[in-house]
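Residue numbers (the working numbering), protein chains in the order written: chain B, 1286 to 1892; chain G, 1286 to 1892.
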């Protein structure tokens, strides 16, 4: 049987077809609906909630737990749990595509010596006295050697040489001739740097002849449909070789779409882009290269490669000039990827005599400690709580999210985009928990005060303390103020999730400090990399114990340091070399094998 | 209108379809008939003669001249000149596929150090104490670095490693890891060497682990359908990009067919072949790589490249292991190709203190003079006479060809394959002309004696002197003895063709001797490379002035020296390096720019 699915989104209605028993989430994705499914459709994250009419089956236990009675009563279901057995209608809340993606980082002054270079040459035309072959004529004049796979441009070489009357531009990468262009094109030479995040992909276009940035674009990583976290995506690729190919195509298409936007905004063609540098975590780079990532997900967590990969573009589907050079920044381990290496690069900490700490807080918190002499790293599994997953009213840092929250009595808050709040993002919930700690609404074990113990609190706090679905909760925003037709709460379970997450990061830092044999006081600087690091309020983070209280005044947010590092590698061969040195030098501490980490994790559960 | 073409071949009849106005030669080729068309279908060589019935048009002037009255009367026409305007039948004389192709050369003792090597390694499996990535684990243990385009085998790397429980064989080329295989496969490592001749393609399979030859195969070069000579083929490729692609595909398919035969004869799969080395003239290597060869054919005769080309097999359509290495031996100029470089290599002359001369006689005669200190080369345009083209009864060195002919009175001859003679090949016609010179039937200007001057000759010689189509001729084989229902003759025009051809070679040698400043007596050895060099009778060659009379006792035929050189490069990295050194060291003399050559060419017209 074929059924009709009416998809309502803003003011548009799309009519889709589905077969008996089709999964609603998959049907929506197949019809181009971007929908959050951080757990990859397993019914555990509760983020694919959609208002539906017509579904016959009763809600499952998982749906009851994750959606709560109010949402269920309003017709919300988890799309991943719904089987289509009749004609239905689905109503999509359109909020996902409004993400603000951080695309700026700090910029150091680096010497411009880009990965690709152009050289204008006027050759003597051949005659009977000088019968040197075309390629050798260009090599001799340009003082270059031929690239390994030179045959890819030899096809056009004789035509270009003669059409241009031997006035040509040689394109060099890695000291080798990769192609020639007719006439003098040295004025046009572009490169792109990419930061492939699990959530978002940021792309930067540079004029390599001048070293200047010309355009920035970003997109949500389309692989999100198979899970917000890398493990869900790896599990998807393990199911079949086709899935692995699909996962690669999703990111390739995304990169090509970004390349198209970058080119368009500057008015160039993709063929003028001769180099692309990719940063990202180890799993993202595995997907990009079509490598099996299964061994990343299980102990002992082994990548296929951590090396610097360089590839002629013709050997990939990336739409830069086919003779151009693709470069992947090296990784350190399964959970310390090129993104961390690039962040260390762009922070400059690897050059400092003093010791710095770099932290990139996400589903995994990557932590690097050290300086010029040594670097040590670890990855702490914080879970997705800081990104809003597993938090009842959690959401990403997008419009409508509460992103800051102050202690009582007024409990003032701000909302991204100045809209009515529809949920709370990572920085907001850290603020909220810090506020509740200050107000004594939460004790140091993380427990919300019971009804019997609440009498010492302010009247406002007492009013806001309530139970929801039988769980102790604190109302952040009343129903009347929220954009949800229900209040926005923080529940006891939410607090436990944040406790787990912050304990992992803090214990990771403790472990590196311990293993390196330094004292906390020797850390002269803390770099917070990534979007979350930029939005985080340091005092709140220190209040809940996510960062060391004593070092609050040494914290610097460095934005998308992974993207900045990728751009530095694009613009400078010595920076690319530095990234290799960083990756080689950095010791990796496997926390899952560390008893000290486990001990500190428990200690750090306390606020 | 569609017409029927009955194709009779041996005892088979094929019914083909043709459209009004279709060319008969093209129709035959399209229907899988191998037919000689050395001029590429221009109506100038006369070799595509086919007996036809039904053709309406009168024979053209070209056909009258090239076929002669007897063949015309018997219904022979030039297939390339016939337009199909009605149902017809064509009768194919099947002789072309019986070519004997010389696939053996001399073999020197060289150190075996093949281009590709295998190393068996037992790796420690990863654990939490040793989390090195898969690729880096293999590189560390094998002491190799990663190949440039390493991503092509990274896809399978993790699966192979785990399936083989970390007991693997690393495959190395150029000091780099190109792939791994499960378990110990060091016993199986093969390579192929190819000599791509204009006429024939020879292929040799080697067991690289032992350095021993396992199989030899050869085929006619299927590009022959677009001309016997390189110029015709280049002209064909110039007509359209599709033609260029077709020309490449013809040789690629031929190579793959040979690879299939080689593999089959040894019982291995093509994946076990990890290296292929290609020798051939400059044009053949251009076609192989899909390079535009137009500039080879016009002054100042410029190749796209002469360099050593190395390519991962995955970047081509050559059916060896996709991670294997393809290597083209370097060339020197448009008309001194890799075949000559390889021949110089396998002759060993580049290592000798004494001076040697190497000559490879074909449509172009490649000539190399020198030794350890210097090498000088030229290419003399002999034309296709030595290969039978332009000679009335000329044919290649195939079954039925007269290949030796002794002076009178008996005029004894031998025939390849001991069949009734159907024509004469290069060595036969040189013998015949030498015999007629000895007998005084030809004077030193090359003129067959006139009827009035013939009285001093033997009675047998007088009897054989005759006129054919108004041209003075000498009957080599009487009608009754020939396999043609007509006598086999050598005509005055045939003698002029051979005079031109031998004058070009001899003048080329003279020019190199002159330019190098040596005396003929300093040449201690003459190497005759190629099939023609092996079948040639040295005394006859000296008698007609093709080779210097004084050096007859210093001549050595070295067979398919190009193929031997290719095999040496496959088996030894130092031999490949030597081939590069030879190509770099060898000075090329452009004869078309040499007044001395022109002068000597005229001098050498005299027998």
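Note that CB positions come from ideal geometry on N, CA and C, so glycine has one too.
None of these values were measured; they are calculated from a predicted model.
Which word fits residue i, buried or exposed, when buried means at least 16 other C-beta atoms lie within 10 angstroms of its C-beta?
i              : result
residue 1472/G : exposed
residue 1884/G : exposed
residue 1326/B : buried
residue 1368/G : exposed
residue 1635/B : buried
residue 1802/G : exposed
residue 1413/G : exposed
Do you know offhand how far residue i's Cα is from residue j's?
i              : j              : result
residue 1424/B : residue 1431/B : 7 Å
residue 1893/B : residue 1371/B : The structure shown does not extend to residue 1893/B, since chain B spans only 1286 to 1892, so no value can be given for it.
residue 1336/B : residue 1692/B : 34 Å
residue 1704/B : residue 1685/B : 5 Å
residue 1854/B : residue 1626/B : 11 Å
residue 1622/G : residue 1590/B : 42 Å
residue 1449/G : residue 1467/G : 5 Å
residue 1732/B : residue 1350/B : 21 Å
residue 1888/B : residue 1835/B : 17 Å
residue 1630/G : residue 1858/G : 13 Å
Say whether chain G places a C-beta atom closer than 8 Å to the C-beta of residue i.
i              : result
residue 1591/B : yes
residue 1384/B : Because residue 1384/B carries a pLDDT of 40, less than 50, the predicted location of this residue cannot be relied on, and the following value inherits that uncertainty. Chain G, which has no Cβ nearer than 8 Å to the Cβ of residue 1384/B, makes this no.
residue 1559/B : no
residue 1606/B : no
residue 1878/B : yes
residue 1692/B : no
residue 1525/B : no
residue 1618/B : yes
Pick out whichever of the options has its Cα sitting closest to the Cα of residue i.
i              : options                        : result
residue 1278/G : 1828/G, 1713/G, 1878/G, 1632/G : Within the shown structure, residues of chain G are numbered from 1286 to 1892, placing residue 1278/G beyond reach of any answer.
residue 1465/B : 1293/B, 1698/B, 1401/B, 1512/B : 1401/B
residue 1376/G : 1497/G, 1454/G, 1292/G         : 1292/G
residue 1572/G : 1511/B, 1439/B, 1641/B         : 1439/B
residue 1542/G : 1477/G, 1315/G, 1568/G         : 1477/G
residue 1598/G : 1563/G, 1684/G, 1587/G         : 1563/G
residue 1329/B : 1857/B, 1669/B, 1723/B, 1825/B : 1669/B
residue 1495/B : 1502/B, 1554/B, 1395/B         : 1395/B
residue 1791/G : 1865/G, 1459/G, 1666/G, 1366/G : 1666/G
residue 1612/B : 1659/B, 1342/B, 1479/B         : 1479/B
residue 1317/G : 1297/G, 1305/G, 1518/G, 1331/G : 1297/G
So with Cβ pairs under 8 Å, would you call residue i a contact of chain B?
i              : result
residue 1416/G : yes
residue 1577/G : yes
residue 1586/G : yes
residue 1873/G : yes
residue 1574/G : yes
residue 1582/G : no
residue 1440/G : yes
residue 1444/G : yes
Can you name the start and end residues of the alpha helix (DSSP H) that residue i belongs to?
i              : result
residue 1548/G : 1526 to 1551
residue 1423/G : 1419 to 1427
residue 1886/G : 1880 to 1888
residue 1798/G : 1777 to 1801
residue 1854/B : 1846 to 1856
residue 1521/B : 1515 to 1523
Where do the ends of the beta strand (DSSP E) carrying residue i lie?
i              : result
residue 1812/G : 1808 to 1814
residue 1935/G : The first residue shown for chain G is 1286 and the last is 1892, placing residue 1935/G beyond what the model contains.
residue 1508/B : That residue, residue 1508/B, is in no beta strand (DSSP E); it is neither H nor E in DSSP.
What do you reckon, is the C-beta of residue i under 7 Å from a heavy atom of the ligand FMN?
i              : result
residue 1548/G : In terms of ligand content, the structure shown is empty, and the ligand FMN therefore cannot be addressed.
Taking a cut of 7 Å between CB atoms, which residues from the segment 1405 to 1430 of chain B lie near chain A? No chain A is present in this structure, whose protein chains are B and G.
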